[in-house]
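Take 21 as the starting number for the sequence shown in this note's numbering and just add one per residue. Using N, Cα and C, we set each Cβ at its ideal position, and we do this for glycine too. It should be emphasised that the depicted structure is a prediction, and the values quoted were computed from it without experimental measurement.
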Amino acid sequence: MKVIVTDCDHENMLQEKEVFDKAGMTFEHLACKTEDDLIEQAKGGEILLTQYGPFSRRVMEKLCPELKLIVRYGVGVDTIDLEAATDLGVQVCNVPDYGMNEVADQAMGMLLALTRKICYINDCTKHKTWNYTEAIPVRRIPGSVIGIVGLGRIGHTLAKRLTGFECRLIACDPSYPVGTVEAGVEIVSWDTLLEESDMISIHCPLTPETENMFGLEEFRKMKKSAVVVNTARGGIVNEKDLFTALRQDMIAGAALDVVKKEPMEVGAELFAFDNFLCSPHMAWYSQESALELKRKVAEEAVRFAKGEPLRDPVNRLPVFAR
Numbered sequence: 021m022k023v024i025v026t027d028c029d030h031e032n033m034l035q036e037k038e039v040f041d042k043a044g045m046t047f048e049h050l051a052c053k054t055e056d057d058l059i060e061q062a063k064g065g066e067i068l069l070t071q072y073g074p075f076s077r078r079v080m081e082k083l084c085p086e087l088k089l090i091v092r093y094g095v096g097v098d099t100i101d102l103e104a105a106t107d108l109g110v111q112v113c114n115v116p117d118y119g120m121n122e123v124a125d126q127a128m129g130m131l132l133a134l135t136r137k138i139c140y141i142n143d144c145t146k147h148k149t150w151n152y153t154e155a156i157p158v159r160r161i162p163g164s165v166i167g168i169v170g171l172g173r174i175g176h177t178l179a180k181r182l183t184g185f186e187c188r189l190i191a192c193d194p195s196y197p198v199g200t201v202e203a204g205v206e207i208v209s210w211d212t213l214l215e216e217s218d219m220i221s222i223h224c225p226l227t228p229e230t231e232n233m234f235g236l237e238e239f240r241k242m243k244k245s246a247v248v249v250n251t252a253r254g255g256i257v258n259e260k261d262l263f264t265a266l267r268q269d270m271i272a273g274a275a276l277d278v279v280k281k282e283p284m285e286v287g288a289e290l291f292a293f294d295n296f297l298c299s300p301h302m303a304w305y306s307q308e309s310a311l312e313l314k315r316k317v318a319e320e321a322v323r324f325a326k327g328e329p330l331r332d333p334v335n336r337l338p339v340f341a342r
């Protein structure tokens, strides 16, 4: 089957080449950025591996009937019209578990940095004065309540890391009934999570239901001493409302690894706040996770080409679709 990497900004394709060579397959590496690029350059591709490619219905209609499979470098598939893919018989796969430890670690680090005011007091100590009172107040972590929005792979991984902090762990996830306990985490209502959490970590996908999930209404329900961290997807936190919430001291702080429009430019208005932390969509990254991602994307493509069961299908196709 004809395999095309439509776009990938990684340093090299060594992991992919190793997997495909072993399977006796070859691939072409393109640099498509727009819908027109995909239509013009990826025509004839049966298996497409993509990082950022905008796979709209228009694109897939133009690439079908040759197009059979799209594998995304990453977890989120919001750049792919899943409904259109299913209608057209195109299988979509992702790699949901390659960086779950890294994202959980980043979230935990951001939660601790905000709560202990580590970044602020580091800057203050280096450039202003040696005086811990500059950071007052700092709240004790044991005994606090940590809310997890989305108790999937990453949410579970974060919960395991937080177990030793002697906190009450609560979560909101429609997959679990309110009032139950999942892996030591209490499942609560949305309002309960907002109102009772001292720290909130977001680990849900970006969907029409979760877009702007955190806006002024939600910030007003949170404790003034609470902090929120988003390492999931840009757009879940409304950044304009977050700016207002920080300016009006509705919450104590926030950290984002993802934003709605990336990159966030130097001088962005949120950067003016000492209690706002930001990283450049790097929560997924470690040397190990980057290599794992590349290998797993290629392996999924090989499984499909050989007619073997897929590891991580996102959409469900009729058995006759292929």
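Apart from the five residues on each side of it in sequence, which residues of its chain come closer than 6 Å, Cβ to Cβ, to residue i?
| i | result |
| --- | --- |
| Phe340 | Residue placement at Phe340 is poorly supported in this model, since its pLDDT is 47, which falls under 50; the coordinates still yield a value, given next. Once the five neighbours on either side are set aside, Phe340 has no close Cβ partner at all. |
| Ala127 | Leu178, Ser221, Val249, Thr251 |
| Asp218 | Ser164, Val165, Ala246 |
| Lys88 | Glu66 |
| His223 | Gly170, Ile174, Gly175, Ala252 |
| Ala104 | Arg77, Met80 |
Rounded to whole angstroms, what is the Cα-Cα separation between residue i and residue j?
| i | j | result |
| --- | --- | --- |
| Arg78 | Glu48 | 22 Å |
| Met33 | Leu311 | 10 Å |
| Lys148 | Cys139 | 13 Å |
| Met21 | Cys84 | 14 Å |
| Glu289 | Leu266 | 11 Å |
| Thr153 | Gly204 | 36 Å |
| Thr99 | Ala191 | 27 Å |
When you compare each of the options to residue i by their alpha carbons, which one comes out closest?
| i | options | result |
| --- | --- | --- |
| Glu259 | Lys244, Ala246, Glu282 | Glu282 |
| Thr26 | Leu313, Asn151, Gly44, Lys63 | Lys63 |
| Gln268 | Ala275, Arg240, Asp277, Trp304 | Arg240 |
| Ile59 | Glu81, Val39, Asp277 | Glu81 |
| Ala325 | Cys144, Met270, Leu69 | Leu69 |
| Asp211 | Thr46, Gly255, Lys243, Trp150 | Lys243 |
| Lys53 | Gly44, Gly73, Lys37 | Gly73 |
| Lys280 | Gly254, Leu262, Asp261 | Gly254 |
Beta-carbon within less than 7 Å of residue i's beta-carbon, same chain only, minus the 5 sequence neighbours each way: which residues are those?
| i | result |
| --- | --- |
| Arg336 | none |
| Ala155 | Lys137, Tyr140, Ile141 |
| Ala51 | Asp27 |
| Leu301 | Sequence check: residue 301 is His here, not Leu. Asp277, Val278, Glu282. |
Can you find the residues in the same chain that come closer than 8 Å, C-beta to C-beta, to residue i, ignoring five residues on each side of it along the sequence?
| i | result |
| --- | --- |
| Val158 | Thr135, Arg136, Lys137 |
| Leu182 | Met128, Ile166, Leu189 |
Look at residue i and residue j and say whether their C-beta atoms are less than 7 Å apart.
| i | j | result |
| --- | --- | --- |
| Leu297 | Ala272 | no |
| Thr230 | Ile207 | no |
| Ser309 | Gly96 | no |
| Val91 | Ala321 | yes |
| Ser76 | Asp101 | yes |
| Ser209 | Val201 | no |
Would you be able to state if there are at least three C-beta pairs under 8 Å between the segment 312-331 and the segment 125-132? no
Three or more C-beta pairs under 8 Å: does that hold for the segment 167-177 against the segment 328-335? no
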